[in-house]
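Asker: One structure coming up, written as structure tokens, with questions to follow.
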Amino acid sequence: MNCISNRGFTFVSGALKGVSLFLVLSLFAGAASALTCTSIASRDWNNRNSWSGCNNGQPPAGATVVISSGTTITADSNTNTVADITINAGGTLVGQNNRTISLTGNFTNNGTFTASNGTVDMVGTTMQTISGTVTFANLTLNNAAGVTISGNVTVTGAFNPGTTPLVITAGSTLTINGVVYTGPCSGVYGAGFCSVPSVASINLASPNPTAGNTAVSWTAVFSQSVTGVDITDFVLVQSGGVGGASITSVTGSGTTYTVTASTGSGTGSLGLNLVDDDTIVNANGTPLGGVGMGNGNFTGQVYTISACAPPANIPSSVIVSCVCDNFGRTNLNPSPIFNSNWIVSSSDGLGILPYINATSTFLRLTENTNNNAKAATVPGIFPAAGNYISVEFKHYAYNGSGADGVAVTLSDYSVPATPGAFGGSLGYAQRTLAGGGGSNVSGFAGGWIGVALDEYGNYQNPTEGRVGGPGFITQSVGVRGSGSGLTGYNWIGGTAVLNPIVDNPGSTTPKPGYSYQVIVDARNAAATAVAVNRDTGAGYTSLVNIPNIYTAATALGFTQAPVPNNWQISFTGSTGGSTNIHEIGSLRICAQTVLPVTGGVASGYSAIDEAYPVAAGSTIPSYQNFQTGHIYMKLPATPFKLWVAALSNTGISSGYSAASAKYAQVKLVDNTVMAGANPVCGLDSARTCNSACTGQPAAEAGATQIVTFTKGGPGAALSPSFTLNSSWKNLVAVIQECTSASCASFTSTAAACSADSFSVRPTGFASVTSATATNGGTGGTPIFTAGSGLFDLTAMTAGVAGFASGYTGTPKINSASVQPASPATVAGMLAGAFSAAISGTPSSTASGTSFTYSEAGGFYLLGPDFAVPRIPGVYDDNWTVTDSDPTKNDCNSGTSAAAYSNTKDASGKYGCNFGIAANTAVFGRFVPDHFDTAVLPVSGVPMPCPAGQVCPLLYNGFVYAGQAFTTQVIARNQAGFTTQNYAGGYAKNVTLSAWDALGSTALQNPSGGTLNNSTVSAASFAAGIATTNTPTYTFAAAATVPTNIYLRAVDTDNVTSLRAANPTTTSVEGGVRVASGRIKVSNAYGSELLPLTLMATAQYYTGTGWLNSTTDSVTRLASINASYVVGTGTSNVTVSPASKVLSMGNLTINLSAPGAAGTVILAPTIDPASPGNPPFAVGTGTVIPGTATFGVYKSKNSYIYRRESY
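Shown next, in the form of structure tokens:
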């Protein structure tokens, strides 16, 4: 137990079991209120040595606590309820878990406050403030007067505000468990606390207005109840032709307000936006969108104001735009029609022009004075062909003597509007001296049609020089056609006297005010219709209906002029000897296309080929052609033009240059697709052009032209001629509007690309040559082996001198155009390919160095012969794929002459392809790649290989030394096919040689033999094959072991059967086994009374002896020579057979019985017709004679023959 004494009071602190220790200080408030306790050391809160000014103790209740710089105070127990706590910069106050710091004043943090998990309790009775940047673990508010947040305060744990009013000052924040509340705001913490009001919607509260100066309203809804909403918080957004709109009132309260405005005049749109200036606040004073002007801005919905809506009788299929002028203003100009000026003129010399009368507020065309002829022209351009136009107005003719009237005219816009004659011509028709008009006055300049409201009656009267008409008809409507000067303006239709009548001359105020409607329907310009309607109060009724003005004119004997490119609409007023005031009001003109007097603005451009024809009744191609048309393939150094059109959203902008000439640059840029990339200009049907495309340079010097759209032109024009001198694979036209004729700069109108790209191809290949295959003869060098010898070809394009060719394509070879050069008769196959051409000046060259030709001789490439048909030997049908695509057909493809033509056909197209125009020179000389040799079996020779012998596989047989055998030599190309042109002048003498093995180079003439008759003459070759049956192989010794020989062929060009690679396995050389052979006749003896039989046997030498040649069934003995020593003569022995072919190597020889003793020596000879004619003969050791002895007994008895008889 501790006792602390302070001014006579005792404070007791102690530890109670089970209760957390805390310091209890009980002070009289009056005694402590004056204390300011300032930390002087870094210690605990309850350590008296931590403080100065605290009477040697911890801060008592009501004290002001200051944490000074450089000290750290830890609130290690619950504190007394102090007044203010200020943490100076550099000072630190540390809370402790489950400890509470209580204060009745302000908490100011300029240093560091570490909350731990302690609690700060605001328990004052007057407004307290938490300022600085401070983070509380737990914060409790228990102050009915309120707590102000002035800084950035964060509570990470429990926030217990109770019902304490909270004020967050501007720029301050209170963050509760991650939810940020931004000042300024105030209120009791809870749902919706500190919310920022915003605009939920500003929606239309009225229908779209169809008349000017109409009151319309918007409903503005806020997210919460607000005040301070007034007219200054809103602005109107006027666009199109709307002008003069104003906000008239703002009413409402809470969350919903109504804003009312007058629409002013004109057609367009009118929107309402709220502009936040922080004057609109919620109940807490929080401004709209929070503090800061503009952060509560909102864009409201927009009215479409059709103060000039179309009339109900416009066909439903026709979409029109309308312009109106009610003339309810002081000055005629500017007009609400495009905010442009009416053009007023006269031809009467009175010095008064049409104006808005201040009293009537209508457009006054004439005063009630004599001989007026005036005109007022609408500030607009009305394209003619394809347009539908409705002109409506109210007509006033009053306060006079009943003459003459007004006319509505449509005239050529390119001709300045000047009214025609006064009086009965009503400012439209002419007046002539010859016609009784008293003077010559031209009709309306450029007039195409004039619809007159005639009070007096002379407009339909063919008097005073007017042409045609039924006569004098008062109070009528008449129509006159086109004219110029004093010619034309023929009457074409009209009414009888109208009821009610046209004017009210007795009235001093504007009367009668009937509505008139003039319709000119030129959607089909060649059959333009004209109609006039009138509304006297019960709706429009038809007065005049001309379904086709041209057929009507023809029926009346005159020709109506074609519609011009553009019309202008004028109102003329006229008086003569009688008068009226003439005025119009409530003008409404509706048309499919109506343009301001500045001319049309192109929404895009299109470029198509000059070959597209002009549309019927027009001077330019149709809109559809400009929508989908192409640019055809072109040729170098050949001028061409392009049609270029300015387009609107619905067609050709025929009024594009109505007011003045305009200019556009057409630049042709390279759009070739590079490998792995997209083309620079991504074309589409909308003809859009990206910046990369428009930034492309012109392809070459002649690829840029400036197109002039002449004033009053139809909106399309032919460009000057382009001349491209190089070839291009893919070009695109980029069209950009210029600011002037020099095109030094461009307007802001977006550039456009042609919808189609096109190519430019060379006119042909000028030559195809070879640097290596230059020998076109039958002899000499260089030579190339057929199918394997590599040679080069180079194709060179035709070009334009001084200009790069540009061609980088790959030529092709037409195999059908490969032609053998005489004396060759068979075309071989030309293999190999050209590489891509390299552009040069002026030609491109494409080369290939690995060409082969499969035949012997020479060849050349044919030019085209389209009668066959045959395309050129060298050609390209791929360079123009941009145009030859079958979906486009912008050049003529295929194999016909048209496909290779450099002349346009009737449709303006060239051929897609190009090639050589004539035959090339001969390329050569080509010789066989190798020979094959073969030993052919002819009449059984070679003979089958005897058992035990190993004969060559080619051929598996044998011959006798010296026996002729048949050898074939075949000229082959690398692929093994016979070179059929190896004959005649292209064939050469071939020498055969014998070798020891297939493809061997080790031993020639094995076993010491000799190959005889080894020459194969060139003349013996036919279609690449020669056969000889004279070769023989002989041995030096008569008895030589059997030997295999292989026959090798070599010609004078060193073409050989010996292959260079792996010759022992790849060479094809016929072989045969050669053996030493002989004929041996056996001996026999016997009775002279009986015949004897001997055997002639063919034998071959084996190396150890002679064996019967059992496979010889071909050798033919010509005769068997006999030497007789029998009895006294030789005629008593007969030898048979006289001649015979051996069978299995043997021939039986029969001798008849001579009847007397003696000997017969038998020596056969070889029949020369024996296959191979083996050289067997007596005396050479190759025929061994046999001896037959008659009269010789087997034993010494005398019996030669004995037989027993029984």
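So for the sequence shown, the numbering used here puts the first residue at 2; every next one is plus one.
Cβ atoms here follow ideal geometry from the backbone N, Cα and C, with glycine treated the same way.
Does the segment 1095–1115 come into contact with the segment 1136–1153, if we say contact requires no fewer than three beta-carbon pairs (one atom in each stretch) closer than 8 Å?
Answerer: Touching, yes.
Asker: Is there a Cβ from chain D that is less than 8 Å from the Cβ of Ile570?
Answerer: This model lacks chain D altogether, as it is built from one protein chain only.
Asker: Just to confirm, is the Cβ distance from Tyr490 to Ala527 under 8 Å?
Answerer: No, Cβ-Cβ distance for Tyr490 and Ala527 is not below 8 Å.
Asker: Could you round the C-beta distance between Gly458 and Gly421 to whole angstroms and report it? I think they count as a contact, below 8 Å.
Answerer: With 8 Å as the limit, Gly458 and Gly421 do not qualify as a contact, their Cβ atoms being about 17 Å apart.
Asker: Let me make sure I understand the geometry here. Which of Pro311, Ile338 and Thr220 has the alpha-carbon closest to that of Val303?
Answerer: It is Thr220 whose Cα lies nearest to the Cα of Val303.
Asker: Within the same chain, show all residues whose beta-carbon is closer than 8 Å to that of Thr126, passing over the 5 residues directly before and after it, in chain order.
Answerer: These residues qualify, in order along the chain: Thr105, Asn144, Ala145 and Ala146.
Asker: Quick check: Asn920 and Tyr911, are their CB atoms within less than 8 Å of each other?
Answerer: Cβ atoms of Asn920 and Tyr911: not closer than 8 Å.
Asker: For Ser34, which residues from the same chain have a beta carbon less than 6 Å from its beta carbon, with the 5 sequence-adjacent residues on both sides left out?
Answerer: Residue placement at Ser34 is flagged as unreliable, the pLDDT there being 46, under the threshold of 50; the coordinate-derived value follows with that caveat. Cβ within range, chain order: Gly63.
Asker: If you reduce the DSSP assignment to three classes, tell me which class Ser250 lands in.
Answerer: The answer is strand: DSSP assigns Ser250 an E or B state.
Asker: How big is the Cα-Cα spacing for Ser845 and Asn879?
Answerer: If I take the Cα positions, the gap works out to 16 Å.
Asker: Decide if the segment 527–547 is in contact with the segment 416–430; the criterion is three or more beta carbon pairs, one per stretch, under 8 Å apart.
Answerer: In short, these stretches do not touch, since the Cβ pair count stays below three.
Asker: Comparing C-alpha positions only, which one of Thr215, Val292, Ala1037 and Asn79 sits nearest to Gly184?
Answerer: Closest by alpha carbon: Val292.
Asker: Taking the alpha-carbon positions, what's the Thr979 to Trp1107 distance?
Answerer: The alpha-carbon atoms of Thr979 and Trp1107 are separated by roughly 43 Å.
Asker: Mapping the DSSP letters down to three states, classify Ile550 as helix, strand or coil.
Answerer: Three-state result, Ile550: helix.
Asker: So, helix, strand or coil for Ile1167, using DSSP?
Answerer: If DSSP states are grouped into helix, strand and coil, Ile1167 belongs with the strands.
Asker: Does the separation of the CB atoms of Gly1173 and Gln964 fall below 8 Å?
Answerer: Yes, Cβ-Cβ distance for Gly1173 and Gln964 is below 8 Å.
Asker: Does the contact criterion of 3 or more C-beta pairs under 8 Å hold for the segment 503–515 versus the segment 395–402?
Answerer: Yes: at least three Cβ pairs fall under 8 Å.
Asker: Helix, strand or coil: how does DSSP classify Asn50 here?
Answerer: Helix.
Asker: In whole angstroms, what separates the C-alpha of Leu366 from that of Tyr356?
Answerer: The straight-line gap from Cα to Cα measures roughly 7 Å.
Asker: Closer than 8 Å is the cut-off here; do at least three beta carbon pairs connect the segment 378–394 with the segment 572–592?
Answerer: Result yes; three or more Cβ-Cβ pairs closer than 8 Å.
Asker: Is Gly133 helix, strand or coil by DSSP?
Answerer: It is a strand residue.
Asker: Check whether the segment 619–631 touches the segment 692–703, taking contact to mean three or more Cβ pairs, one atom from each stretch, closer than 8 Å.
Answerer: No: fewer than three Cβ pairs fall under 8 Å.
Asker: What first and last residue would you give for the beta strand (DSSP E) that runs through Thr1135?
Answerer: Looking at the DSSP string, Thr1135 is not in any beta strand (DSSP E), and its letter there is neither H nor E.
Asker: Suppose contacts are defined by Cβ-Cβ distances below 8 Å. Is Gly1078 in contact with Thr1183 by that definition?
Answerer: Yes, the pair counts as a contact, with Cβ atoms nearer than the cut-off.
Asker: For Gln561, count neighbouring Cβ atoms within 10 angstroms of its own Cβ and tell me buried if that reaches 16, exposed if not.
Answerer: Gln561 should be labelled buried.
Asker: At 3 residues or longer, what runs of the beta strand (DSSP E) sit wholly inside the segment 37–104?
Answerer: DSSP runs (the beta strand (DSSP E)) wholly in the segment 37–104: 37–40, 65–68, 73–75, 86–88, 93–95 and 101–104.
Asker: For Leu1004, is the classification buried or exposed, using 16 other Cβ atoms within 10 angstroms of its Cβ as the cut-off for buried?
Answerer: Exposed.
Asker: In this structure, how does DSSP classify Val282 when only helix, strand and coil are distinguished?
Answerer: In this structure, Val282 counts as strand in the three-state DSSP scheme.
Asker: Bridge partners for Val1086 per DSSP, in chain order?
Answerer: The sequence as given places Tyr at residue 1086; Val does not occur at that position. Tyr1086 pairs with Thr1190.
Asker: How big is the Cα-Cα spacing for Gln820 and Leu999?
Answerer: The alpha-carbon atoms of Gln820 and Leu999 are separated by roughly 37 Å.
Asker: Can you name, in chain order, every residue of its own chain whose Cβ lies under 7 Å from the Cβ of Gln975, other than the five neighbours on each side?
Answerer: If we look at Gln975 and ignore the five residues flanking it on each side, its Cβ neighbours are Thr786, Ala787, Gly788, Ser789 and Asp930.
Asker: Go to Phe235, then tell me how far its beta strand (DSSP E) extends in each direction, as first and last residue.
Answerer: Phe235 to Gly241 is the extent of the beta strand (DSSP E) around Phe235.
Asker: Kindly list the residues whose CB is nearer than 6 Å to the CB of Ser816, restricted to its own chain and excluding five residues on each side of it in sequence; keep chain order.
Answerer: Excluding sequence neighbours, Ser816 sits near nothing in its chain.
Asker: DSSP puts Gln820 in a beta bridge; with which residues?
Answerer: Per DSSP, Tyr861.
Asker: Taking Phe1221 as the reference, give the member of Gln969, Asn358 and Val735 with the closest Cα.
Answerer: Here the chain has residues from 2 to 1207 only, and residue 1221 is not among them.
Asker: Do Val960 and Phe932 come within 8 Å of each other at the CB atom, strictly closer than that value?
Answerer: Cβ distance not < 8 Å, so Phe932 and Val960 don't count as in contact.
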